[in-house]
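Participant: Protein sequence lines correspond, in order, to chains A and B.
Each residue of the first sequence is one higher than the one before, starting from 147 at the first, in this note's numbering.
Each residue of the second sequence is one higher than the one before, starting from 22 at the first, in this note's numbering.
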Amino acid sequence: QKEVEQDPGPLSVPEGAIVSLNCTYSNSAFQYFMWYRQYSRKGPELLMYTYSSGNKEDGRFTAQVDKSSKYISLFIRDSQPSDSATYLCAMSAFAGGKFQFGAGTQVVVTP
Amino acid sequence: DTGVSQDPRHKITKRGQNVTFRCDPISEHNRLYWYRQTLGQGPEFLTYFQNEAQLEKSRLLSDRFSAERPKGSFSTLEIQRTEQGDSAMYLCASSMTQETQYFGPGTRLLVL
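1) Looking at the strands, I want to know which residues DSSP matches up with residue 130 of chain B.
2) Does any CB atom of chain A fall closer than 7 Å to the CB of residue 66 of chain B?
3) Sorted by chain position, which residues of the same chain lie with C-beta nearer than 7 Å to residue 158 of chain A's C-beta, five sequence neighbours on each side aside?
4) Count the other CB atoms within 10 Å of the CB of residue 225 of chain A; is the residue buried (16 or more) or exposed (fewer)?
5) Evaluate residue 246 of chain A with the Cβ neighbour count: other Cβ atoms within 10 Å of its Cβ, from every protein chain shown; 16 or more gives buried, anything less gives exposed.
6) Please decide whether residue 195 of chain A counts as near chain B, where near means a Cβ-Cβ distance under 7 Å.
7) Report the residues of the segment 99-114 of chain B with a CB closer than 7 Å to any CB of chain A, ordered along the chain.
8) Going by other Cβ atoms of all chains shown within 10 Å of its Cβ, with 16 needed for buried, is residue 102 of chain B buried or exposed?
9) With DSSP as the reference, please indicate the residues paired to residue 151 of chain A in a beta bridge.
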């Protein structure tokens, strides 16, 4: 079993809808949680960076961490076709440490 | 452009050849990471440096792989005697010690 599980999708939503993404993990030592967006054949682009449990909001993006359930989420409001990409969750046990990534969820936002 | 840069962006090689990739981190970032990503998977950690010191290597990194960061600035990743299973995207990231990682565009390797 992988340390980080993420549904590969694809997840198809109409433009303007809320996109809901999530990851589960097994290593209770993880404390730092990240979400990256990756367009085809490009490097991952950082979206959100959170520490420990709680919520963080940045524009149309909201990240949630529930350490007791070992579950993290990313919500994208008012989705746009330009949000069509693969979304990767990543986590690490300590600041500046190596990341463990999920497999990524492919999101398609249709006009 | 002040982001992480990688060179080359694409590399096609024949099995058994050696290849070397270069990564230039964001200026003043003291940590540098290498990951490998295959199709449909998330990046997998290979190794990382703090300044010129290599702090950790993954068990994925066989003895055919070697990475260096000689002056604590750019880094190179060399693969000797390439195999078809080495075909992947090789990603470099950099960070300040206590901060998160910023990724470069990657080097896509195809071993024929």
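For glycine and all other residues, C-beta sits at the position ideal for the given N, C-alpha and C.
Keep in mind it's a predicted model, so treat the numbers as computed, not measured.
Facilitator: On the basis of the coordinates in this document:
1) The count along the second sequence starts at 1 and reaches residue 130 of chain B at position 109. DSSP lists B:32 and B:109 as the bridge partner or partners of residue 130 of chain B.
2) To locate residue 66 of chain B, count along the second sequence from 1; it is residue 45. For residue 66 of chain B, the nearest beta carbon of chain A is closer than 7 Å to its own beta carbon.
3) Residue numbering aside, residue 158 of chain A sits at position 12 when the first sequence is read from its first letter. Taken in chain order, the residues that qualify are 254 and 256.
4) Counted from its first residue, the first sequence places residue 225 of chain A at position 79. Buried, by the Cβ-count rule.
5) In the first sequence, residue 246 of chain A corresponds to position 100, counting from 1. Counting other Cβ atoms within 10 Å of its Cβ, residue 246 of chain A reaches 16 or more and is therefore classed as buried.
6) Mapped onto the first sequence, residue 195 of chain A falls at position 49. Chain B contact via Cβ: present.
7) Here the close residues are 112.
8) Mapped onto the second sequence, residue 102 of chain B falls at position 81. Exposed, by the Cβ-count rule.
9) On the first sequence, position 5 is the one that residue 151 of chain A refers to. BP columns for residue 151 of chain A point to A:170.
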